[in-house]
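Engineer:
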Amino acid sequence: MDRMRELVELLNKYAYEYYVLDAPTVSDAEYDKLYDELKALEEELLFVLPDSPTKRVGAAPLKEFKPYTHKERLYSLDKAQSIEELKAFFARVEKAAGFFPDFTVEHKFDGLTLSLTYENGKLVRGATRGDGVTGEEVTEQIKTIRTVPLTIPFKGTVEVQGEGIMRFSAFDEYNLTASAPLKNPRNAAAGAIRNLDPAETAKRKLDFFAYNIGYHEGIRFDTQRAMREFIIENGFLYGKRFDVVNSEEAAEKAIRAIEEERDSLDYLIDGAVVKVDSVSLREELGYTEKFPRWALAYKYKANETTTILKNVLWQVSRTSKINPLAVLEPVELGGATIQRATLNNYDDILKKGVKIGSRVLIRRSNDVIPEIMGVYEAHDDDKDILPPEVCPACGYPVRRDGAFYYCTNKTGCAPQIVSMLDHFADKQCMDIDGFSEKTAEQLYNELGVKTPDALYDLTEADLQGLDGFKEKKIANLLESVARSRHTTLDRFIFALGIPNVGKKTAKQLADHFRTLDALRRGTREEIATLDDFGLITADSIVSFFEDADNSATVDRLLSKGIVISEPEAAAEGPFSGKTVVLTGSLSRFKRSEAQKLIVRLGGAVADSVSSRVNLVVVGSDAGSKLQKAVKLGIEIMDEEKFSEIVDNSL
């Protein structure tokens, strides 16, 4: 057993020198000899140490991936594609902070985001990012990655975040013998991690670059620099580019330097990540619904190529908008065959001078549908693209509103109805499990389902004649439809498909109006005063409920027994009726803990100081928020007083 431990430590040391430091101290033959000795000992003793390198070959195939809820949300990053957008980001941060802080600049790896959880020094879980809240547990796949430590010196609990990537060299080596060659390293890495057989994951020889620390206990990080030091000290592979800058000029220089070295790297990057270095300042700046306000991904020029525009199809969305879709002569771009591209709207077509038959420049960013950027080469016989006079799906006349065309047939246009039903049943809306766009098409075409309320009239007999609907599928769908009758106000609002109302907007409306009746009576003026709302969104909401058909649909839905739970009433406590902002570093509480305590004791939490804020709780190193609060005459409370109130109220 002592020799086994000695071999494991020695082999892990050699692997770290080889894969992470790129400075091997033994030959491959020497490593293989020690590896074989360890493997023989494990077979003889029928025991394998938890950090043995032999565990990286992959375990038995898994039946399915389990969902995993991250301890802290993994946010995506807002993007900039020009120096002007980068400067605007710096200006926003400087205005909020009251000074130009230190920023870090690193590679933006182009692979699959992963989160590794360590407890008491051992890797206990690996997961994909997923939607940022819930990912897929892929622990066995991640264990096959040579640059993922199975054990680390730190003995607390920590989530280490980074990117799973496949190097170009590993990609080329794999394709030499692959029966089905991989198309690009990015998709190869994602496919490897999501392969149910860890042995197949191991064959692709992935790497893991660590760049961030999420949830952690037993240690404190004040800066991004401290996180990077932790990553290095605990044996993770890390990006060699890490600049700390304190001016726009220095940031631009670092970003350009990364771009210049981009083609010389052995792995994909598609930009540079810029982050505020100070953790306390990050907490002050906060988050939007999707992004941290303290970080930005500067994206380099996207992949571009040219091809012939063969035709333009006009497609109808669930909101009746008719969108142009370009049909292209197939072309390879970024490892994929491209045959379709977006043209945004008819004004965009005219502005770019695009015609059928033209050779056009197309750009593809990540995995989204490419966009036509303009004409690369025009010909005398190119044909003008004409706007639709009638709906391409139902033949009804169209109406123009600004740059867009809309179908005027609200009750009999198949694509609108199918998309509307699919949206209504979506997981983030009424959450009807087992419902898909194909299901919506079948219900519309074969059963005449045209409005969402009709879903609640479906019977077993109705579904028995539909293709693919067996006894179990029918039972599951009907059960899911019945279960969806109990929902929350924000989900119901989102499910209605009100133009310009997304998930976040629906939640704000639910929190403000509390009941559906109150929302239906809401005025343009009242709605427009909500944070981040405006007259356009307010008009969409009011117009939706003023429409007789929409109003009738809502009434019919309610008549089907739908029960809408109202948002939980605010608790009573010392912060009742107060909107509170936290600023600076709190010594006793994590910011998230303090926010939960405020809500528990009756208050509401805001990210920024405005005239609607009643109280600002101040920690150490408070910045511009404190200054603004003083200027507006808002009550200021220090952390000691805040702690006293909390202790006396719980």
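Positions in the sequence shown are counted from 1; adding 7 to them yields this note's numbering.
Glycine is no exception: its CB is placed at the ideal position from the N, C-alpha and C atoms.
State the start and end residues of the unbroken beta strand (DSSP E) segment that holds Lys362.
Structural biologist: Along the sequence shown, one-based indexing puts residue 362 at 355. Counting along the chain, Lys362 falls outside any beta strand (DSSP E), and DSSP gives it neither H nor E.
Engineer: Can you give the Cα-Cα distance for Val549 and Ile543, rounded to whole angstroms?
Structural biologist: In the sequence shown, residue 549 corresponds to position 542, counting from 1. In the sequence shown, residue 543 corresponds to position 536, counting from 1. Cα-Cα distance, rounded: 10 Å.
Engineer: For Asn655, does the count of other Cβ atoms within 10 angstroms reach 16, so buried, or fall short, so exposed?
Structural biologist: Along the sequence shown, one-based indexing puts residue 655 at 648. Exposed: under 16 other Cβ atoms inside 10 Å.
Engineer: Of the choices Leu485, Leu14, Glu646, whose alpha-carbon is the least far from that of Asp438?
Structural biologist: Here residue 438 is taken as the residue at index 431 of the sequence shown, counted from 1. Considering only alpha carbons, the answer is Leu485.
Engineer: Thinking Phe249 and Arg263 are a contact (beta carbons under 8 Å), I'd like their distance in whole angstroms, please.
Structural biologist: Along the sequence shown, read from residue 1 onward, the residue named residue 249 stands at position 242. Along the sequence shown, read from residue 1 onward, the residue named residue 263 stands at position 256. With a Cβ gap of about 16 Å, Phe249 and Arg263 do not count as contacting.
Engineer: What does DSSP give as the partner residues of Gly381 in its beta bridges?
Structural biologist: Counting from one through the sequence shown, the residue named residue 381 turns up at place 374. According to DSSP, Gly381 bridges with Leu368.
Engineer: So, for Ile238: in the same chain, excluding its five sequence neighbours on each side, which residues have a beta-carbon less than 6 Å away from its beta-carbon?
Structural biologist: Taking the sequence shown and counting its residues from 1, the one referred to as residue 238 is at position 231. Only Ala217, Tyr245 meet the Cβ criterion.
Engineer: At what residues does the beta strand (DSSP E) containing Lys479 begin and finish?
Structural biologist: By 1-based counting over the sequence shown, the position of residue 479 is 472. Note, Lys479: premise wrong, no beta strand (DSSP E); alpha helix (DSSP H) at 478-490.
Engineer: Does Thr184 pass the burial test, meaning 16 or more other C-beta atoms within 10 Å, or should it be called exposed?
Structural biologist: Within the sequence shown, numbered from 1, the residue matching residue 184 stands at position 177. When all chains shown are included, Thr184 counts as exposed.
Engineer: How many whole angstroms separate the CB atoms of Leu123 and Leu130, which I take to be in contact at a CB cut-off of 8 Å?
Structural biologist: The count along the sequence shown starts at 1 and reaches residue 123 at position 116. The count along the sequence shown starts at 1 and reaches residue 130 at position 123. Confirmed, about 6 Å.
Engineer: Beta carbon of Thr349, beta carbon of Glu378: below 8 Å?
Structural biologist: Along the sequence shown, one-based indexing puts residue 349 at 342. Along the sequence shown, one-based indexing puts residue 378 at 371. Yes; because the gap between Cβ atoms is below 8 Å, this pair is in contact.
Engineer: Below 8 Å, can you find three or more Cβ-Cβ pairs linking the stretch 578-595 to the stretch 604-614?
Structural biologist: With the cut-off at 8 Å, the stretch 578-595 and the stretch 604-614 touch.
Engineer: Tell me, please, which residues DSSP counts as bridged to Asp408.
Structural biologist: As a working note, residue 408 is residue 401 in the sequence shown. Partner(s): Phe411.
Engineer: In this structure, how does DSSP classify Ser660 when only helix, strand and coil are distinguished?
Structural biologist: The first residue shown for the chain is 8 and the last is 657, placing residue 660 beyond what the model contains.
Engineer: Express the C-alpha separation of Gly402 and Lys359 in angstroms, rounding to a whole number.
Structural biologist: What you label residue 359 is simply residue 352 of the sequence shown in a count that begins at 1. What you label residue 402 is simply residue 395 of the sequence shown in a count that begins at 1. Between Lys359 and Gly402, the C-alpha separation is close to 28 Å.
Engineer: Along the chain, which unbroken stretches of the beta strand (DSSP E) at least 3 residues long are found entirely within the stretch 74-138?
Structural biologist: If we require 3 residues or more, the beta strand (DSSP E) runs fully inside the stretch 74-138 come out as 110-116, 119-126, 129-135.
Engineer: With a threshold of 16 other CB atoms inside 10 Å of the CB of Ser365, please say whether the residue is buried or exposed.
Structural biologist: Indexing the sequence shown from 1 puts residue 365 at position 358. Ser365 comes out buried.
Engineer: If you check the beta carbons only, do Phe411 and Tyr82 fall under 8 Å apart?
Structural biologist: As a first step, residue 411 must be located in the sequence shown, where it is residue number 404. As a first step, residue 82 must be located in the sequence shown, where it is residue number 75. Going by C-beta atoms, Phe411 is not nearer than 8 Å to Tyr82.
Engineer: Helix or strand or just coil, what does DSSP make of Ala257?
Structural biologist: As a position in the sequence shown, residue 257 is number 250, starting the count at 1. The answer is helix: DSSP assigns Ala257 an H, G or I state.
Engineer: Taking only the alpha-carbon atoms, compute the straight-line gap between Asp39 and Ala261 and give it to the nearest angstrom.
Structural biologist: Counting from 1 along the sequence shown, the entry for residue 39 is found at position 32. Counting from 1 along the sequence shown, the entry for residue 261 is found at position 254. Between Asp39 and Ala261, the C-alpha separation is close to 41 Å.
Engineer: Looking at the structure shown, is Met644 part of a helix, part of a strand, or coil, going by DSSP?
Structural biologist: Locating residue 644 in the sequence shown gives position 637, where the first residue counts as 1. Looking at Met644 - three-state DSSP - the assignment turns out to be strand.
Engineer: Which same chain residues end up closer than 6 Å to Ala385 when comparing Cβ atoms and leaving out the 5 residues on each side of it in sequence?
Structural biologist: Residue 385 sits at position 378 when you count from the first residue of the sequence shown. Excluding positions up to five away in sequence, the list reads Ser365.
Engineer: Where do the N-terminal and C-terminal ends of the beta strand (DSSP E) with Tyr218 fall, by residue?
Structural biologist: Working through the sequence shown from its first residue, we reach residue 218 at position 211. First-last of the beta strand (DSSP E) with Tyr218: 214-224.
Engineer: Could you give the first and the last residue of the continuous alpha helix (DSSP H) run that contains Glu444?
Structural biologist: As a working mapping, residue 444 is identified with position 437 in the sequence shown. Its alpha helix (DSSP H) spans residues 444-454.
Engineer: Go through its chain and collect everything with a Cβ distance to Pro156's Cβ below 6 Å, but skip five positions before and after it.
Structural biologist: As a working mapping, residue 156 is identified with position 149 in the sequence shown. Hits under 6 Å: Gly242.
Engineer: Please return the same chain residues whose Cβ sits closer than 7 Å to the Cβ of Tyr383, not counting the five positions on each side in sequence.
Structural biologist: Working through the sequence shown from its first residue, we reach residue 383 at position 376. Excluding residues within five positions, the ones whose Cβ falls inside 7 Å are Thr313, Arg366, Val367, Leu368.
Engineer: By Cβ distance below 7 Å, which residues in the same chain neighbour Tyr23 in space, the five residues on each side in sequence not counted?
Structural biologist: Locating residue 23 in the sequence shown gives position 16, counting from the first residue. Cβ neighbours of Tyr23 beyond the five flanking positions: Gly242.
Engineer: May I have the straight-line CA-CA distance separating Leu516 from Asp524, to the nearest angstrom?
Structural biologist: Along the sequence shown, one-based indexing puts residue 516 at 509. Along the sequence shown, one-based indexing puts residue 524 at 517. Leu516 and Asp524: Cα-Cα distance of roughly 12 Å.
Engineer: For the alpha helix (DSSP H) that Phe237 lies in, which residues bound it at each end?
Structural biologist: The sequence position of residue 237 within the sequence shown is 230, counting from 1. Here the alpha helix (DSSP H) through Phe237 covers 231-240.
Engineer: Which same chain residues, not among the five before or five after Asp460, have their C-beta less than 7 Å away from its C-beta?
Structural biologist: Indexing the sequence shown from 1 puts residue 460 at position 453. If we look at Asp460 and ignore the five residues flanking it on each side, its Cβ neighbours are Thr560, Arg563, Leu564, Lys567.
Engineer: Any idea what DSSP makes of Tyr463, helix, strand or coil?
Structural biologist: Locating residue 463 in the sequence shown gives position 456, counting from the first residue. In this structure, Tyr463 counts as helix in the three-state DSSP scheme.
Engineer: Which partner residues of Pro331 appear in the DSSP bridge assignment?
Structural biologist: Start at 1 with the first residue of the sequence shown, and residue 331 comes out as number 324. Partner(s): Trp321.
Engineer: Going by alpha carbons, who is nearest to Ala333 out of Val620, Leu316, Val323, Lys638?
Structural biologist: As a first step, residue 333 is located in the sequence shown; it is residue number 326 there, counting from the start. Measuring from the Cα of Ala333, the nearest candidate turns out to be Leu316.
Engineer: Short check: CB of Ile149 to CB of Leu121, under 8 Å?
Structural biologist: Position 142 of the sequence shown holds residue 149. Position 114 of the sequence shown holds residue 121. For Ile149 and Leu121, yes; Cβs fall inside 8 Å.
Engineer: Flag this pair as yes or no: are the beta carbons of Thr141 and Thr76 separated by less than 8 Å?
Structural biologist: Within the sequence shown, the letter at position 134 stands for residue 141. Within the sequence shown, the letter at position 69 stands for residue 76. Going by C-beta atoms, Thr141 is nearer than 8 Å to Thr76.
Engineer: Excluding sequence positions up to five away, which residues of its chain have a Cβ less than 8 Å from the Cβ of Asp554?
Structural biologist: As a position in the sequence shown, residue 554 is number 547, starting the count at 1. Closer than 8 Å at Cβ, skipping near neighbours: no residue.
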